[in-house]
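Chemist: Quick one: the structure is below, questions incoming.
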Amino acid sequence: MRPKLMIISILLLMLLSPQAVMLENAFEPELAGAKSTGCTGSVCLNELFVNALGQETEAVGPSDWTTGEWIELHNNGGSDVDLSGWYLQDHSSRQMDISITSSPVTVVWPQNSPNLLIPAGGYMVIARNGDGQSCGHCMTNTQGVVSLYNSNSVIQHQATWS
Numbered sequence: 447m448r449p450k451l452m453i454i455s456i457l458l459l460m461l462l463s464p465q466a467v468m469l470e471n472a473f474e475p476e477l478a479g480a481k482s483t484g485c486t487g488s489v490c491l492n493e494l495f496v497n498a499l500g501q502e503t504e505a506v507g508p509s510d511w512t513t514g515e516w517i518e519l520h521n522n523g524g525s526d527v528d529l530s531g532w533y534l535q536d537h538s539s540r541q542m543d544i545s546i547t548s549s550p551v552t553v554v555w556p557q558n559s560p561n562l563l564i565p566a567g568g569y570m571v572i573a574r575n576g577d578g579q580s581c582g583h584c585m586t587n588t589q590g591v592v593s594l595y596n597s598n599s600v601i602q603h604q605a606t607w608s
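Sequential numbering from 447 applies to the sequence shown in the working numbering.
Listed below in structure tokens is the structure:
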């Protein structure tokens with residue numbers, strides 16, 4: 447009778463401890479090696495998609511940006527921020543201006559944004575627009591770096607990955 451009671455006790459303990467089961471998959475290998483510096487301003491890098499579908503040089507525009515490389519910015523401050531003159535830089539120090547008017551248009555969300563204002567608590571997605579010939583601004587799939595600079599060329603935030 448004792449072995450039966452012991453087995454039932456162990457099973458009940460396992461059922462009443464769901465956290466133990468969840469710990470098995472707590473490590474996310476796709477996030478291993480990703481690091482970020484402390485964000486020095488209110489607008490920060492929030493999310494990056496660095497492994498584009500297809501060729502790195504394929505054109506990516508507002509209608510199909512989800513298949514290419516993109517960067518989501520978040521304004522965690524209490525007031526709106528104008529991103530005019532802001533830019534991103536990749537691992538090879540190639541610059542990508544944040545733009546809604548010059549070619550290429552890099553702000554893809556909110557779509558057809560009338561300005562470069564990112565509201566307090568708001569988000570903005572910047573996508574690389576390939577020219578079909580070269581990468582322009584690329585985020586490598588490994589050993590990558592992306593840096594966000596303000597209009598005074600002061601770094602605001604940087605992310606690296608391996």
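C-beta atoms are modelled at their ideal positions from N, C-alpha and C, and glycine is treated no differently.
What three-state label does DSSP hand Ile544 in the structure shown?
Modeler: Three-state DSSP puts Ile544 in coil, outside helix and strand.
Chemist: Does the region 515 to 525 touch the region 564 to 572, meaning 3 or more C-beta pairs lie closer than 8 Å?
Modeler: By the C-beta criterion, the region 564 to 572 is judged to be in contact with the region 515 to 525, since at least 3 inter-stretch pairs fall below 8 Å.
Chemist: Thinking just about the alpha-carbon of each residue, which of Ala573, Leu594, Trp607, Asn558 is nearest to the one in Thr588?
Modeler: Trp607
Chemist: Can you tell me whether DSSP reads Trp532 as helix, strand or coil?
Modeler: coil
Chemist: Below 8 Å CB to CB, which residues in the same chain sit around Tyr595 once its five sequence neighbours on both sides are set aside?
Modeler: These residues qualify, in order along the chain: Trp532, Tyr533, Leu534, Gln535, Ile601, Gln602.
Chemist: Anyone know if the C-beta pair for Leu494 and Ala605 falls short of 8 Å?
Modeler: yes
Chemist: Between Gly590, Ser597, Asn598, which lies nearest to Val646 when the distance is taken from Cα to Cα?
Modeler: Residue coverage of the chain in this structure runs from 447 to 608, which leaves residue 646 outside it and unanswerable.
Chemist: State the Cα-Cα distance for the pair Thr586 and Ser593, rounded to the nearest angstrom.
Modeler: Cα to Cα, Thr586 sits roughly 13 Å from Ser593.
Chemist: Can you check whether the CB of Val554 is closer than 8 Å to the CB of Ile544?
Modeler: no
Chemist: Output needed for Pro560: all residues of its chain with C-beta closer than 7 Å, excluding positions within five of it in sequence on either side, in chain order.
Modeler: none
Chemist: Here's the rule: buried if 16 or more other CB atoms are within 10 angstroms of the residue's CB, otherwise exposed. What is Ile564?
Modeler: Buried, by the Cβ-count rule.
Chemist: Tell me whether Met468 sits in a helix, a strand or coil according to DSSP, three-state version.
Modeler: Model confidence at Met468 stands at a pLDDT of 42, short of 50, so the residue's coordinates are unreliable and nothing is read from them.
Chemist: Mapping DSSP to helix, strand and coil, what is Thr606?
Modeler: Thr606: strand per DSSP, three-state reduction.
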